[in-house]
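Numbering (the working numbering), first residue to last: 162 to 389. For glycine and all other residues, C-beta sits at the position ideal for the given N, C-alpha and C. Computed from a prediction, not measured in an experiment: that's the story for all the values here. Everything below concerns the one structure shown next.
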């Protein structure tokens, strides 16, 4: 029976202070799931919990789609549109700032990080912006009389992205773009399972890789069903 090992916040925080990482430590960083959006919201009804889970899933899906674009794995039409927009604002800002880096390695990771944040920003979606990076969740959070759940959602998504992009950066510094992409997808899968373990029936998978693949497959199928 397969069980996924999650990294605690304490261990994750201690690893962040290391100057260099070996492969085992990099995997530990990827295994830190962060917190689910639902866990940050108090006094939620059954309906509100389901609504918040939908918003959580939708924004993680947006992140995966942004990664696919940046690593050239989107559809032909999406990739052509993205490439054409690289010479236009706001994406041109990411191109320009990445070109200021001295090394090709730093240029690549700077572009990926900035372009990803721009693609996930309200300005990036609507084409109208004051700050090209202004990340807010897609979806209206259920209202609460005492706290702004919309702000909670925005803060959660920003921190989730920072967590995953830091894993991507560390993985790329040790390996190739292809390996870095695979590791950040694995890290997303750890989070998805930790957020909603009952959705993913991994106990009969033969190993961890098969379990992570199943988690991503079930998640994508579920999102596509919701969006129809």
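Hey, quick one: how far does the alpha helix (DSSP H) through residue i stretch, first residue to last?
| i | result |
| --- | --- |
| residue 260 | Looking at the DSSP string, residue 260 is not in any alpha helix (DSSP H), and its letter there is neither H nor E. |
| residue 228 | 207-231 |
| residue 250 | Element bounds for residue 250: n/a, residue is neither H nor E. |
| residue 311 | 310-335 |
| residue 340 | 338-356 |
| residue 187 | 184-191 |
| residue 243 | 237-246 |
| residue 173 | 170-177 |
Which residue from the options puts its Cα closest to that of residue i?
| i | options | result |
| --- | --- | --- |
| residue 197 | 342, 162, 218, 209 | 218 |
| residue 382 | 203, 271, 172, 361 | 361 |
| residue 189 | 364, 332, 263 | 332 |
| residue 164 | 384, 367, 386 | 367 |
| residue 184 | 369, 242, 335 | 335 |
| residue 253 | 276, 263, 265, 269 | 276 |
| residue 346 | 176, 200, 222 | 222 |
| residue 202 | 166, 384, 315, 264 | 315 |
| residue 293 | 301, 300, 274 | 274 |
| residue 258 | 250, 249, 264, 268 | 268 |
| residue 260 | 249, 240, 272 | 272 |
| residue 317 | 305, 327, 337, 296 | 296 |
| residue 182 | 250, 166, 228, 327 | 327 |
Any beta-carbon of chain D closer than 7 Å to the one on residue i?
| i | result |
| --- | --- |
| residue 218 | Going by chain labels, chain D is absent from the structure shown, which holds only one protein chain. |
So residue i packs on residue j, CB below 8 Å; how close in whole Å?
| i | j | result |
| --- | --- | --- |
| residue 187 | residue 224 | Wrong, their Cβ atoms sit about 20 Å apart, outside the cutoff. |
| residue 303 | residue 212 | 5 Å |
| residue 270 | residue 330 | 5 Å |
| residue 384 | residue 298 | Incorrect: roughly 15 Å between the Cβ atoms, too far for contact. |
| residue 247 | residue 256 | 6 Å |
| residue 237 | residue 357 | Residue 237 to residue 357, Cβ: 32 Å. No contact. |
| residue 364 | residue 162 | 5 Å |
> Counting Cβ pairs, one atom from each stretch, are 3 or more of them under 8 Å apart for the region 332-345 and the region 226-235?
Replying inline: yes
>> Quick test of the definition: if touching needs 3 or more C-beta pairs under 8 Å, does the region 182-197 touch the region 321-335?
In response: yes
> Does the region 347-362 come close enough to the region 375-385 to have 3 or more Cβ pairs within less than 8 Å?
Replying inline: yes
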